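Note that the sequence shown ends on residue 921 in my numbering; no numbers are left out.
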Amino acid sequence: MQGKRFCRLLVLALFAMWTGSMTAQVEVPVPQNVYARQSLSLNGDWNYFVDMQEQGYYDYRMNPTKWGYFLNAKPKRPSDLVEYDFDASPTMHVPGDWNTQDEQLFFYEGTVWLKRDFEIVNRESSKRYLLYFGAVNYEAIVFVNGKLAGQHVGGFTPFCFDVTDLVQEGNNFVIVKVDNKRHQESVPTRIFDWWNYGGITRDVLLLSMDETYIDDYSLQLDKVLKGKKRTLNFSLTLNQPQAGQEVILSIPELKIRQKFTTDAEGKIAHGWLSVADSKLTLWSPENPKLYNVEISRGDECIRDEIGFRTIETRGRQLLLNGKPIFLRGVCAHEETAYTSRRCNSAEDADTLLSWARQLGCNFLRLAHYPHNEHAVREAERQGFLLWSEIPVYWTISWKNTKTYANAERQLCDMIRRDHNRAAVIIWSLANETPHSDARDRFLSRLAATARQQDSTRLISMAMEVTGASNYVNRLSDNMNEYVDVVSFNQYIGWYRNVNDAAKMKWEIPYEKPVIISEFGGGAKAGLHGDKGQRWTEEFQENLYRENLAMLDKIEGLAGTCPWVLKDFRSPRRPLPGIQDWFNRKGLFSDQGHRKRAFYVLREWYEGKK
Ligand code: GCB
313 MQGKRFCRLL VLALFAMWTG SMTAQVEVPV PQNVYARQSL SLNGDWNYFV DMQEQGYYDY
373 RMNPTKWGYF LNAKPKRPSD LVEYDFDASP TMHVPGDWNT QDEQLFFYEG TVWLKRDFEI
433 VNRESSKRYL LYFGAVNYEA IVFVNGKLAG QHVGGFTPFC FDVTDLVQEG NNFVIVKVDN
493 KRHQESVPTR IFDWWNYGGI TRDVLLLSMD ETYIDDYSLQ LDKVLKGKKR TLNFSLTLNQ
553 PQAGQEVILS IPELKIRQKF TTDAEGKIAH GWLSVADSKL TLWSPENPKL YNVEISRGDE
613 CIRDEIGFRT IETRGRQLLL NGKPIFLRGV CAHEETAYTS RRCNSAEDAD TLLSWARQLG
673 CNFLRLAHYP HNEHAVREAE RQGFLLWSEI PVYWTISWKN TKTYANAERQ LCDMIRRDHN
733 RAAVIIWSLA NETPHSDARD RFLSRLAATA RQQDSTRLIS MAMEVTGASN YVNRLSDNMN
793 EYVDVVSFNQ YIGWYRNVND AAKMKWEIPY EKPVIISEFG GGAKAGLHGD KGQRWTEEFQ
853 ENLYRENLAM LDKIEGLAGT CPWVLKDFRS PRRPLPGIQD WFNRKGLFSD QGHRKRAFYV
913 LREWYEGKK
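Now the structure itself:
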């Protein structure tokens with residue numbers, strides 16, 4: 313990470329729009345560790361209403377209107393015509409999806425407008441105010457006090473606008489136009505097997521920063537053990553090029569307090585410090601040790617909790633802290649237990665993590681998009697290794713340059729947010745993508761970007777097996793040379809015949825660790841019958857038995873993450889009485905019922921410890 317530039321260190325978006333009230337606004341990189349900064353939370357109740365035809369944004373000729381809903385207009389005289397009123401509209405909780413907060417919006421895909429008032433007491437003229445969103449699905453156009461703050465695309469990554477010139481002492485309001493319509497050229501594309509939850513689904517904060525502030529930092533354990541010494545690599549970037557700024561890094565438990573100085577670019581590019589190996593407790597699933605770290609510059613002090621570990625491959629082995637490890641994983645969507653809505657808190661994550669723990673897991677594949685920061689940090693505290701992914705899913709528009717830019721930005725933003733998380737060991741570029749030259753060009757560029765952003769972690773993607781002859785499955789994907797870990801999804805027993813499992817042979821002609829990134833089948837919790845009867849728990853149980861026996865024969869198998877921890881909502885699963893808009897491949901039902909397959913996997917994982 314050191315010395316590397318992130319994709320968006322420069323100003324990214326300048327919006328020169330149509331009205332005089334619209335001055336160009338600035339998107340700024342999201343500061344590292346926003347929760348450690350001085351901020352005002354804008355979570356809470358936001359007024360909202362639906363705008364199916366986007367008339368609050370376009371006029372009747374489909375041109376952007378200057379009289380849009382973002383003005384938050386009020387009639388001044390009895391004769392005035394204003395056809396909306398945020399304050400008289402209902403409220404929903406932010407962060408939260410709209411689908412589960414308003415029955416009428418369960419299937420809705422389109423525009424919703426949301427507004428929240430907030431107060432700034434003692435607005436300081438020396439401060440910079442940044443408006444931060446943890447995520448908005450899918451497209452957000454943000455206005456502060458009636459003026460454009462900025463626009464963002466992509467539903468699972470954070471973004472920030474500098475709103476210093478838009479906010480005032482006293483009363484302010486923020487209005488967001490959120491649009492979750494699906495499009496072919498988007499990332500993800502038009503079709504995907506999860507619920508398209510719309511809304512401001514993650515935290516909203518008004519950050520107040522000094523004119524100069526610590527924009528990003530990285531602290532990581534070096535892979536190389538030098539005699540009895542370990543090296544911690546440290547880098548830092550200020551938001552502006554200020555040379556000679558003194559930065560102090562302290563790790564009190566290790567009695568470390570070291571001074572660094574920024575260079576002409578406002579950076580500490582290659583800082584490092586040395587620690588006796590015997591003093592350092594490495595982070596691992598068995599002992600997820602995190603150190604309190606303080607990074608200070610003048611009055612600015614950022615506190616973080618950071619773990620130190622190494623991750624590498626050797627031939628077909630995965631090495632954590634230099635020792636081979638088997639990943640006892642499971643895939644999970646970012647959807648709550650019991651209530652099946654979008655997660656966004658440590659508490660939401662806790663139940664899911666406790667279920668994974670009951671299975672005996674030490675690894676989670678966070679499918680199919682970056683999950684919220686609370687979940688990542690909570691998993692790290694609890695000792696789960698993580699696979700983090702961007703929604704380059706199925707058949708996206710490989711030749712579209714905007715689609716590529718969008719995917720690359722999501723990748724960079726994911727890495728930027730979580731590069732200090734010891735738990736994250738794999739960045740995943742994609743899931744089940746159809747082979748073609750255009751796809752290879754797209755994904756290999758992404759792989760190069762990921763490596764440039766973070767040379768310390770492993771890269772993978774969930775590949776597909778394209779077919780078998782005479783029960784021999786030979787994995788063949790040009791992307792093999794760009795990944796560190798070869799992963800693929802396979803559905804023997806569900807989309808292919810379960811009786812084949814015993815006969816199947818797997819040939820993976822790459823000298824790299826192998827992870828089965830998905831396998832599984834559906835069962836309706838509580839439905840019992842013969843093992844040949846689809847949707848029964850016995851069918852799924854048998855499928856797990858057959859698959860696990862088969863997987864045991866794969867040479868170089870370094871881990872598995874079956875699909876999926878719990879039943880999750882999907883618009884592609886309409887079967888009444890069985891699916892009812894849930895993908896039923898969970899080992900737990902949405903209500904936390906353990907299905908019979910749970911016990912099969914738990915036992916198998918017991919043997920992998
Ligand atoms: C897959 C996809 C996953 C689906 C799953 C299924 O291969 O990666 O997103 O939900 O199959 O249930 O079919």
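Glycine is no exception: its CB is placed at the ideal position from the N, C-alpha and C atoms.
Note that the structure is a prediction, hence the values are computed from the model and not measured.
Given a cut-off of 7 Å, decide if residue j and residue i are closer than it, judged by their beta-carbon atoms.
i	j	result
F900	R881	no
A588	S547	no
Q722	G919	no
S520	Q350	yes
D515	T423	no
L383	G458	yes
A759	Y794	yes
I560	E481	no
Y347	N411	no
T715	E497	yes
F733	V688	With the sequence shown as reference, residue 733 is identified as Arg, and Phe is not the correct amino acid for it. Yes, these two residues count as a Cβ contact at 7 Å.
A452	V394	no
N633	L594	yes
C472	L442	yes
Y369	G380	yes
M816	F800	no
V810	L855	yes
H686	W506	no
Quick one: Cα of residue i to Cα of residue j, how far?
i	j	result
I827	I702	18 Å
F831	G898	11 Å
P883	Y444	30 Å
G833	S530	41 Å
I708	G779	22 Å
R729	E339	16 Å
E659	V605	24 Å
S333	C643	Confidence at S333 is low in this model, with a pLDDT of 45, below 50, so the placement of that residue is unreliable and no value is reported for it.
D902	L478	44 Å
T513	E617	25 Å
V536	T622	9 Å
G540	I890	Contrary to the premise, residue 540 reads as Lys rather than Gly in this sequence. Approximately 59 Å between the Cα atoms of the pair.
N859	R914	14 Å
N446	T469	Going by the sequence as given, residue 446 is Gly instead of Asn. Roughly 6 Å separates the two Cα atoms.
T761	G619	25 Å
Y803	N785	12 Å
F910	L671	7 Å
N449	S586	43 Å
E853	F398	51 Å
P600	N674	11 Å
E867	A814	15 Å
H495	K711	15 Å
Q845	D892	19 Å
What does the Cβ neighbour count give for residue i, buried or exposed, with the cut at 16 atoms within 10 Å?
i	result
A717	exposed
T573	exposed
H683	buried
M773	buried
Y783	exposed
V490	buried
I738	buried
T713	exposed
T651	exposed
H405	exposed
L426	buried
M726	buried
N434	exposed
I771	buried
N656	buried
Out of the options, point me to the one whose CA is closest to residue i's CA.
i	options	result
E558	S608, P883, K388	S608
S781	E819, S748, K386	E819
Q694	L602, A760, V704	L602
S590	G556, T543, T549, F696	T543
R908	D575, T549, L517, A837	A837
G578	I526, K540, P564, K567	I526
V454	K439, F485, K386, S799	F485
W358	F504, D371, P407	P407
Compute the beta-carbon to beta-carbon distance between residue i and residue j, rounded to the nearest angstrom, for a pair I have assumed lies under 8 Å.
i	j	result
L639	L697	7 Å
E690	A661	4 Å
Y822	N790	Contact flag wrong, Cβ pair sits at about 11 Å.
A668	L877	6 Å
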